[in-house]
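Have a look at the structure below before the remarks.
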Amino acid sequence: MGFEKSDIGSCCRVRREGLSLWQELFPSLVSLANKGPAHAELVSMMLRWLPEDITVHNEDLEGDRRRLLLRGLTDSLPEIFPLLYSLLERHFGAALTEAGRQQLEVARQHAAAVTATLNAVNAYAEWAPLPDLAKHGIIHGCGILLSSPDFRLHACEFFKLVSLRKRPTDAAVEFDSVMSNIFQILMKVSGDFLQKSDSGSVIDDNEFEFAEYICESMVALGSYNLQCIAGDSSVLSFYLQQILGFFKHHKLALHFQSLPFWLTLMRDLLSKPKIIGSVENSATNPAVGSGHDTEKSKILALVNDEICSSILDVSFQRLLKKEKVNPGTSLSGGTLELWSDDFEGKGDFSQYRSRLLELIRFVAAAKPMVAAAKVCERIMTIIKSLFLVPYPAQELVVLESMQLALENVVNAVFDGSSETARSNSEVQQSLCRMFEGLLQQLLSLKWTEPALVEVLGHYLDALGPFLKYNPDAVGSVINKLFELLTSQPFVVKDPATSASRHARLQICTSFIRIAKAADQSILPHMRGIADTMAFLQKEGRLLRGEHNLLGEAFLIMASAAGAQQQLEVLAWLLEPLSKQWTQLEWQNAYLSDPTGLIRLCADTPFMWSIFHTVTFFEKALKRSGLRKGNASVQTMPASDFLHPMASHLSWMLPPLLKLLRAIHSLWSPPVNQALPGEIKAAMAMSDVERASLFGGGNVKLPKGALSFTDGSPLDMNREGYAEPNEADIRNWLKGIRDSGYNVLGLSATIGDSLFKCLDSPSVALSLMENIQHMEFRHLRLLLHLALIPLIKNCPANMWEAWLEKLLHPLLVHSQQALSYSWSSLLQEGRAKVPDLHGIVDGSDLKVEVMEEKLLRDLTRETCSILSVFASSALNAGLPSLEHSGHVNRVDESSLKDLDAFATNSMVGFVLMHKSIALPALQISLEALRWTDGEAVTKVSTFCGAVILLAISTANAELRDFVCKDLFPAIIQALALESNAFISADLVGLCREIFIYLADRHPAPQQILLSLPCITSQDLQAFEEALTKTLSPKEQRQHMKSFLLLATGNKLKALAAQKSVNVITNVSAKPRNVTPAFESKTDEGDTIGLAGIV
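Take UniProt numbering: the final residue in the sequence shown is number 1093, and no numbers are missing along the way.
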C-alpha cells in the first residue's frame, strides 16, 4: 500500500501547497480506482476528504487561500464528476450482479465502494454548480439509487442537500431546469409511496423511514426552490397535492415532516412585500422566491378551498394528544397516529401544537370563509355529540382542543390580517352570520358541571374579536358569563367544591379577555356589569379574588373609554379598599412588632383580604393609563397628563412599606428563631422553585390560571379556610412580596408622584433594614421589580435625597455577598448561597446546580443596576470621545471637575458619592473576573462611562482607578472564554484607556510591559502603529493583535472568537443517515485529511 499512502500524502499537501498538485495526482487516482472495489472506495474517500477539508475543516485557511482552493477544486469538477459517476455505475451494477451469483463478500466490497462514492458526491452537493452535477449524470445516478433499498438513504442525503441550494442570479435558467428535473425525480418516488399507502398495501418500517426522508427532501425543495416550477401550474399543483398527501398521512412522522412547508408557504404568500431591498427580500422568502405579487397570486390560486379544507381537517384532529384521549372518544382523530410522549426527536407537544395553530391562523387569513365554516361546523358537531354521552365532562378533550382553533380563526378573520374579510362586505356579513350561529349555539347551552362551564367560558372569550365588530351580541355574552359564574357554588370551605371555585375564576378571567378584545363595543355595558358586581358582592356571592379579576376587566374597559372614565372607575374600585387599608388598627395590630405577622397568619380572612388588596393595587397600576391610539391621548398635551393612579399613591404606599418591612424582618435571626415551625417551613424554597432552578420546567397550569412569576400556582380561594397551611403561608408571603415590589416599581414609572408623596428614609428603612438577611432569590426580585425602576425614574433633582440612602446599603451588601459566593464557587466548586440552607434532600449535584443558578441570577441583576447607571437616558451630560479629540492627547484646559457631571450624569453622581462609588467600582472589577459573560456585558457599559469620565475630568483619583485597577482587570477578563462574545467591547475599552490616558498616567504602559511575551520594542512598535491611523476600528484591531501577542495567545476570549468559523454552505445532515465523514466500512476515528496527516 506504499503507493496509496504516497497518494494520500499528496492529497494532504494539496490543501497546504495549493491545487497545482491536483493535475499531477488525478491520473494516479483514476488508475488506482480501476484496480478493484477496495481501491475505488479509497479513491472515493480521498475525493470526499479534499472538499470537506476546504469547506468544513478549514480553521487554518484564511479567506483568500480558501477561495483559491475552492476555485481550483471547481475547475477540476469536469474531471471529478465523470469519475464519481463511473464508480457509481460500475460498482452498483457489480454489487447487484455478485449478489445475484451469491458472491456476498465480493458484493459487500462493491456496495462499500458505492457508499463511499455517494459520501463523496454529497461532499460536493452543497456547493458545486448544479448544472455540472446534472451534466455529468450525478443527479440521474442518485435518482436511480433511490430505488435501491441498500443505498436509497444515502441518495436521499444528496437530494436533500441539493434541494437546499439557493437560486443563483447569473444562471437562473439552467438552475431552474435542473431543479425542475429534481422535482420530477422526487415526485415520482413520493407518488409511488403515497399511491401504495392509499391502496392499503402493507408498508414496513424501512419503507416508512425512507418515505420520511423523501418527504424531508420534498419539503426542502419546495421551501427553497418552488419558483423553479411556479410557471408550470400542472407540475406545481401535482407537487402541492403530494405534500398535502404527506400532511394528511396517518403516520405522525410524515405529517410532521411536511408541516414546515405549509407554514413557510402560507406565511410567505400572506406577507406584504417590502418596497426597499425587494431583490434581497425575495432571496429570503424561499417559498416563492421572486416575491412578486403576480407569482404569489398564481400559487395562492392553486392553494384552493379543497386544499385548505384538508389542512384544517387534519390540523383540527391533530390538536389532540394521544395520552389525553379516551379510547372510545368519537371525533378524536380516527385512524390518525396522534402525538404521543413516545414520539422522539420532535420537541414537545406544546411547540408542535403552536405550529399547527399558526398554520390554522394563516389558512384562516387566506380563506376566511372556508376556515369559519370548518371551525363552526366541527364545534357544533362536537357539542351535539356531547348530548349523546352519559358523562359529557369525560369527553371534553376534543372540545377543549377546538377552543384554541376557534381562537386563532377568529383572530385571523377579525384582526385585519385577512384581506378578503377586510375588503369584501359580503364576505364580512357571511362570516358574521356563521359566528353568530355558533354564538347562539353556545349561549343556549345549559351546562353547570364545572369542567363544562370552564370550557364554555373559554369559547365565549375566544369570540372576543368577533364581538368587537358585532356590539349587539356583547350584552348576551356578558349575561351568559354571569349566569355561568352564579351557577357554581361560592362556598369555599368544602374541598369538594374546588373544581367549582376554579371554574368561577376562569369565568372571571374570561371577562378580562373579552374586555381586551371587544374594545369599545363593551363600553355601553359597563353600568350593567358594575350593578351586577355590586349586587353579587352585597349578597356575599362574590369572593375577593373574583372581585379583583372583574375589577381588572373594568379597568381595561375604562382605558378604552378615556381619562375621565378611568378616574371614576378607579375611585369606585379603590375607595372601599382605602377605607380598610388606611386604618391604623390593623397596622398597629399586625405590623408594629415582629410577632404581628404571626398573628396575621392566624387571622385567615384578614390575611387574604390584605393579599387581594395588594394584588389589586398591582392590577390597577398595570391596567390604568391611556391606551395607544386612544383619541384623548392625541388631544392632551403630555405635560397636562397626570396618571389616574397618581392621586392614590399617597395612601396606598405607606402601609405597603410597613408590610414589606415586617415580611423582610422574618428572615432576621432574632425574629426567625421565635417563629412557629409552620411559618419557618413556609419561608423555605418550594418544590416548584427548586425544580425551575434545576431546569425541571415550570408546572403547567390550566389556561387562564393564575401563578406567580416563578410559575408556582396560586389558589385565589383560600380566603375561606380557618387554618392556613404551610403552602398557603408560602403563597401569601411570596404574593405580597412580589406584588408589593411590583407596586413600588410601577408607581415609580407614572411620574414623580411617588418621590413627592413618600420620604426616602422610610422607603430605605422598609427595603434595606434587613437586606443582609435576604435570600438571593428575594434580593433579585427586589432589584428587578422595585429598585431598578426607582433608580431609572428618580428625577435628577431628587437623586441626592433618594439614591444614596437606597444604593449604599444595597451595593455594600451585594458586593460582599456576591464576592463570597463567587469565591466559593471558583475555589471550592460550589456557590454558597443562603436560599438552600436546611435543604438536604436531593443529590449534591442538584444542590450545586441550584446554588449556581441563584448566584448567576443575582449577579446579573446586580450588574443590571450598574448598566442602568450608565444608560444614555440618565447620562445626557456625558461628552463623547469625539469631542475629546481623536488623538491620544486631550487638551488639559478642557477638563472639568467631576462634580460638573453630578447633576446631568448618573455615573457622575455615583462617582461623586464614595459610599456608592466604592462598592459599585468593586463590583465592576470583580464581575470582570467572574465567569459570567452576561454579567460582564452589563458591567462593560458602566466601565465605559467610568473611563469616559476619567478621560474628560481632572480627577486624579478616578484616573488612578481606571489606569491601575480597571485596565488590568479588563485584560484579565479577556482570559476567560465566557467573555468571548463581549470581547470586542472589552478590547475597545482597553483601546480607549491606552489611547486617551497613557500620556497622562504611566500605569497603562507599565501594565502592558508586564505581560509575559512582550518587549519594549514591541510596545514601541504598537504605539507607532496606533499613531499611523485615526480609525477606531483599526486601532481596536491593533490592540487585539498586541494583546494576543503579549500574552502568548493566552487570552481565551480572543482566541475563542478567532477560532469560530461559520460555514454558510454546510447544512445539518438528516437523522440516522451516515454522516459524510463515516462509511459503511470501518474507517477508524480520523476525520478527513487532517486526521491522517
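Every residue gets a Cβ at the ideal spot worked out from N, C-alpha and C, and that includes glycine.
Asked, Found
"M798 classed as buried or exposed, judged by whether at least 16 other C-beta atoms fall within 10 angstroms", "exposed"
"Where K622 falls: helix, strand or coil (DSSP)", "helix"
"From Q583, L555, G562, residue whose alpha carbon lies closest to that of W572", "L555"
"8 Å Cβ cutoff met for G877 and N904", "yes"
"Selection from I771, L785, H612, P879 that minimises the alpha carbon distance to A817", "I771"
"Three-state secondary structure assigned by DSSP to W581", "helix"
"Beta-carbon proximity check, I512 vs L452, cutoff 8 Å", "no"
"7 Å Cβ shell around P676 - same chain, five flanking residues per side excluded", "I598"
"Contact the stretch 368–384 vs the stretch 434–445: 3+ CB pairs below 8 Å", "yes"
"Reference L221; option with closest CA among S190, K251, A727", "S190"
"CB of T117 within 8 Å of CB of S44, strictly", "yes"
"Classification of Y391 by the beta-carbon crowding that lies within 10 angstroms, buried from 16 upward", "exposed"
"Selection from N408, S1016, Q673, A956 that minimises the alpha carbon distance to F316", "N408"
"Sub-8 Å separation of S233 and K160 beta-carbons", "no"
"Which listed residue (W802, E358, H458, L356) has its alpha carbon closest to that of L399", "H458"
"Status (buried if at least 16 other CB within 10 Å, exposed otherwise) for F535", "exposed"
"W667 - DSSP class collapsed to helix/strand/coil", "coil"
"The stretch 859–879 in contact with the stretch 761–770 per 3-pair CB rule at 8 Å", "no"
"Counted within 10 angstroms of its Cβ, other Cβ atoms place S814 as buried (16 or more) or exposed", "buried"
"Reference G735, options V121, A920, I610, S500, closest by Cα", "I610"
"Simplified DSSP state of E339, which is helix, strand or coil", "Correcting the residue type first, residue 339 is Trp in the shown sequence and not Glu. Of the three classes helix, strand and coil, the one that applies to W339 here is strand, per DSSP."
"Inter-stretch contact at 8 Å, needing at least 3 Cβ pairs: the stretch 772–780 / the stretch 652–667", "yes"
"Test item: CB-CB of I214 and F183 under 8 Å", "no"
"DSSP bridge partner residues for T953 (one or two, in chain order)", "K896"
"Proximity of L1019 and V962 at Cβ, strictly below 8 Å", "no"
"Assigned exposure category for E892 - 16 Cβ within 10 Å defines buried", "exposed"
"Whole-angstrom distance between E861 and D710, CA atom to CA atom", "In this predicted model, D710 has a pLDDT of only 42, less than 50, meaning its place in the structure is not dependable; the value taken from the coordinates is given anyway. Cα to Cα, D710 sits roughly 16 Å from E861."
"Cβ neighbour criterion (16 or more within 10 Å) applied to T509", "buried"
"Exposure of L826, with buried meaning 16 or more beta-carbon neighbours within 10 Å", "exposed"
"Closest Cα partner of A38 within the set S76, F1022, A113", "A113"
"Residues near S1016 in its chain [Cβ-Cβ closer than 8 Å; skip 5 each side]", "L1009"
"CB of S310 within 8 Å of CB of K322, strictly", "no"
"Where K1028 falls: helix, strand or coil (DSSP)", "coil"
"Under the three-state DSSP convention, the category K367 falls into", "coil"
"Where K321 sits in the DSSP three-state scheme", "strand"
"Where L806 sits in the DSSP three-state scheme", "helix"
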